[in-house]
Amino acid sequence: MLPEAEIRLGRERPRPRRLLQRVNIGDTSFNALLWIFAGAVLLIAGVIVFSLWATARPAFKAVSIPSFIAGQNWDPVQESFGALPFIFGTLVTSGIALVVTVPVAVGLAIFLVEMAPSRLRPVVSFPLELLAAIPSVVYGLWGIFVLVPWLRDSTEPLLSVTLGFLPLFRGPPLGFGYLAGGLILSVMILPTIASVSIEVLKAAPESLREAALALGATRWEAVRVAVIPYSRAGIVGAILLGLGRALGETMAVTMVIGNSPEIHASLFAPGYSLPAVIANEFAEATSSMHTAALAALALILFGITLLLNSVARLLIRAVARGPARVAA
Amino acid sequence: MKKMAAILAMLGAAAFAAESLLITGAGATFPFPLYSKWFSEYNKMHPDLKFNYQSIGSGGGIKQITEGTVDFGATDAPMTDEELSKAPDVVHIPTVLGAVVIVYNLPGAQDLRLSSEAVSGIFLGKITNWSDPAIAKENRSVKLPDKAIAVAHRSDGSGTTAIFTDYLSKVSPEWQKTVGAGKSVKWPVGIGGKGNEGVTGVVKQTPGAIGYVELAYASQNKLDTAMIRNRDGAYIKPSVQSTSEAAAGMEMPTDFRVSVTDAPGKGTYPISGFTYILVHRDQKDAAKGEALIRFLWWAIHDGQKIAPSLDYAPLPSPVVKKVEGTLKGLTVQRKPINVAGS
Chain A
1 MLPEAEIRLG RERPRPRRLL QRVNIGDTSF NALLWIFAGA VLLIAGVIVF SLWATARPAF
61 KAVSIPSFIA GQNWDPVQES FGALPFIFGT LVTSGIALVV TVPVAVGLAI FLVEMAPSRL
121 RPVVSFPLEL LAAIPSVVYG LWGIFVLVPW LRDSTEPLLS VTLGFLPLFR GPPLGFGYLA
181 GGLILSVMIL PTIASVSIEV LKAAPESLRE AALALGATRW EAVRVAVIPY SRAGIVGAIL
241 LGLGRALGET MAVTMVIGNS PEIHASLFAP GYSLPAVIAN EFAEATSSMH TAALAALALI
301 LFGITLLLNS VARLLIRAVA RGPARVAA
Chain B
1001 MKKMAAILAM LGAAAFAAES LLITGAGATF PFPLYSKWFS EYNKMHPDLK FNYQSIGSGG
1061 GIKQITEGTV DFGATDAPMT DEELSKAPDV VHIPTVLGAV VIVYNLPGAQ DLRLSSEAVS
1121 GIFLGKITNW SDPAIAKENR SVKLPDKAIA VAHRSDGSGT TAIFTDYLSK VSPEWQKTVG
1181 AGKSVKWPVG IGGKGNEGVT GVVKQTPGAI GYVELAYASQ NKLDTAMIRN RDGAYIKPSV
1241 QSTSEAAAGM EMPTDFRVSV TDAPGKGTYP ISGFTYILVH RDQKDAAKGE ALIRFLWWAI
1301 HDGQKIAPSL DYAPLPSPVV KKVEGTLKGL TVQRKPINVA GS
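Top line first, the protein sequences correspond to chains A and B.
Heads up: the first sequence begins at 1 in this note's numbering, then just goes up one per residue.
Heads up: the second sequence begins at 1001 in this note's numbering, then just goes up one per residue.
Shown next, in the form of structure tokens:
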């Protein structure tokens, strides 16, 4: 908008008033168009929330919202609905995914940007982007045929022997369960977090690194005091993008999580996630109460994403102030 | 420009030539392979008649026929009284039967025999080991391992689950009391797999697993299936014939909304059910209505011969006779048509 106006100003040099007027016609219409586009986003989001709310209302009439959220029983035959097992499963699988992936992805990004020879970068980043292009149903199949047997036969028995004193790693090794869901998600969100982190780290000014090195810092110290503080906000943003994908992932999770609406302390136990139950039961939900309960779950999922996003924005704002403090 | 006009003219001609009847339907996924075969066969005989069927699930089929957005719906489980009260003129036309079979992963144990007590006990979580006497006493010739049973069930709502849980509710009062029957239920134990392929995936990947899938899916994928003891005490291998028998010995109500699980008869496989096409009793559109009724007439006669090759169980002849009566009772713009005379 602005540069175009300047170019015209430079070329024609007519009387300023007429120019302003002419620019304004194009400007205002373009402006209006952009307002419409921006408004459309709000409108679409609003319509989605409203129609979900309208569909979900019978469920909230039958039980209050807090008791729906805290309810642990999901029985479509008796029409008794509670959302907690699904909320729990969604948060646990996404949590596992972040715990596993964040160190790997950020470490990978630091290695590629700061340490590795620059020729290595495309060799690694091409397959990394390929990972992002694999459809989730393919991840799910891979989960059933490779990940689940591996978890059942070697990893889970090993974990229960070594870390079995924690309730997290107890119980029969089934393969299907929270752990399988979380690990599938961790592979799926790796490319998102890693490639955004790479871009963010690349954006850190060279002068910062050089300054740190000139002051006698080792390579690691330069990364730690100069590069990472500068990129923190961006890395948090990358992690959030990954989390967003993990929260909403449906197909791959439902194929390996075991689809059992119960809450277990053990990560080996089968669980269920919000998107999975919606996808599984919506098509054949005939009673209006069942449909309403599923729409209510969708609203809760929407709410969780909204909540985490807002928290994340606050977090970004907090860490964005970080470098200044470090510098001072 | 000339070229353009020529293309437009050709398109116009094509549109004119293709001006034919289009009958739309939506609903169950289970009979979809058979229905698409029927539609293409019928289309060969009646080139001016086309079908568009969307397999969106039984729930969607019932919804759409109730709202009148399709010419016919399709469902695996009959409509409930509550659903029928919203669409009182909808008629159930049974088309074929499907069976639910028990599949398991127990190397070396072929032709496992299961009584209804064993099946319900396993899925209730009461029988947890393959060496349990309830299984062992029926399988003296099979060496059963001391292995935990891993139960697999469908996680998506489905007619298959409806038939299976209906069977369990009939044979086990405890199941009826604690779980009940439906397309989605609260399973006491086990892992949920999405679709037949999901359950098969769980069963194949988990030694000691047991699950249930459609007969057609099991026979196409050559899965080990269990023989189930029927009401008359015989152990029956699931097959197209033993499934058809289930409907033969059953007292049929006029609206066909009946469960045929645990049906009497010596050769009856006990876990099966009808799948239905739903139509309005009075067809509003003259041409489409008549074509649809004639197609249904063909489907319950010549169409039945195609069914076994796709692992669907054809309707037994007493049921065909009864459906004939229902089809003769359908009207087009309040006038009956001579469907049998075509």
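Glycine included, each C-beta is placed from N, C-alpha and C at the ideal position.
Next on the checklist: Relative to the C-alpha of A1248/B, which candidate in S1317/B, N1230/B and I1065/B has its C-alpha closest?
Outcome noted: S1317/B
Checklist entry - From H1046/B to H1092/B, what does the alpha carbon distance come to, in whole angstroms? => result 24 Å
Checklist entry - Does the beta carbon of Q1205/B sit closer than 7 Å to a beta carbon anywhere in chain A? => result yes
Checklist entry - Can you give the beta carbon distance from G1118/B to V1142/B, rounded, assuming they're within the 8 Å contact cut? => result First, the amino acid is wrong: residue 1118/B is Ala here, not Gly. Not quite, the Cβ-Cβ distance comes to about 13 Å (not below 8 Å), so this is no contact.
Checklist entry - Taking Cβ positions only, does A56/A come closer than 7 Å to chain B? => result no
Item to check | Closest residue to V1185/B among D1156/B, I1210/B, Y1276/B and K1222/B (Cα-Cα distance) | outcome: D1156/B
Next on the checklist: At 4 residues or longer, what runs of the alpha helix (DSSP H) sit wholly inside the stretch 188-229 of chain A?
Outcome noted: 206-214 and 219-222
Checklist entry - Of the choices G1057/B, D1262/B, T1069/B and S1172/B, whose alpha-carbon is the least far from that of L1124/B? => result S1172/B
Next on the checklist: My parser needs the alpha helix (DSSP H) runs of 4 or more residues fully inside the stretch 1049-1075 of chain B; what are they?
Outcome noted: 1058-1067
Checklist entry - Anyone know if the C-beta pair for I144/A and Q1241/B falls short of 7 Å? => result no
Checklist entry - Of the choices L112/A, S260/A and T254/A, whose alpha-carbon is the least far from that of V196/A? => result L112/A
Item to check | Residue nearest to Y272/A in terms of C-alpha spacing, selected from M255/A, L174/A, Q78/A and G244/A | outcome: M255/A
Item to check | CB-CB length for G1198/B against T286/A, believed under 8 Å | outcome: Wrong, their Cβ atoms sit about 21 Å apart, outside the cutoff.
Checklist entry - Given a threshold of 16 other Cβ atoms within 10 Å of its Cβ, counted over all protein chains shown, does D1262/B qualify as buried or as exposed? => result buried
Next on the checklist: For the stretch 1054-1068 of chain B, list every residue whose C-beta sits within 7 Å of some C-beta in chain A, in sequence order.
Outcome noted: I1056, G1057, S1058, G1059, G1060 and I1062
Item to check | Closest residue to V1203/B among T1254/B, I1127/B, V1101/B and G1180/B (Cα-Cα distance) | outcome: V1101/B
Checklist entry - For V161/A, does the count of other Cβ atoms within 10 angstroms reach 16, so buried, or fall short, so exposed? => result exposed
Next on the checklist: What does the alpha-carbon distance come out to for the pair A40/A and F1039/B?
Outcome noted: 42 Å
Next on the checklist: Check whether chain A comes within 7 Å of K1194/B, counting only Cβ atoms and requiring the distance to be less than that.
Outcome noted: yes
Next on the checklist: For T1268/B and A1307/B, I'd like the C-alpha separation in whole angstroms.
Outcome noted: 18 Å
Checklist entry - When we look at the beta-carbon of V277/A and count the other beta-carbons within 10 Å, is it buried (16 or more) or exposed? => result buried
Next on the checklist: In the DSSP output, what is F81/A paired with across the bridge?
Outcome noted: W74/A
Checklist entry - How would you list, in chain order, the residues of chain A whose beta-carbon sits under 9 Å from the beta-carbon of V1151/B? => result Chain A residues near V1151/B: none, gap ~10 Å exceeds 9 Å.
Item to check | Touch test, the stretch 287-303 of chain A against the stretch 120-135 of chain A, Cβ-Cβ under 8 Å, three pairs minimum | outcome: no
Next on the checklist: Could you compute how far the alpha carbon of K1321/B sits from the alpha carbon of G71/A?
Outcome noted: 50 Å
Checklist entry - Can you list, in chain order, the stretches of the alpha helix (DSSP H) that have 4 or more residues and sit fully within the stretch 237-308 of chain A? => result 251-256 and 274-281
Item to check | N- and C-terminal bounds of the beta strand (DSSP E) containing F1274/B | outcome: S1272 to H1280
Item to check | Contacting positions in the stretch 65-91 of chain A - beta carbon closer than 8 Å to chain B | outcome: N73, W74, D75, P76, V77 and Q78
Checklist entry - Between the stretch 248-267 of chain A and chain B, which residues of the former have CB atoms less than 7 Å from a CB of the latter, in chain order? => result T254, M255, G258, N259 and S260
Checklist entry - CB S1244/B to CB P1314/B, shorter than 7 Å? => result yes
Checklist entry - M115/A by DSSP, collapsed to three states: which one? => result helix
Checklist entry - What distance in whole Å lies between the Cβ atoms of V1096/B and P1033/B, which are believed to be in contact at a cut-off of 8 Å? => result Not a contact, Cβ separation roughly 11 Å.
Checklist entry - In the structure shown, what three-state DSSP assignment does M1045/B receive? => result helix
Item to check | Cut-off 7 Å between Cβ atoms - residues of its own chain near R1334/B, not counting five sequence neighbours on either side | outcome: D1282
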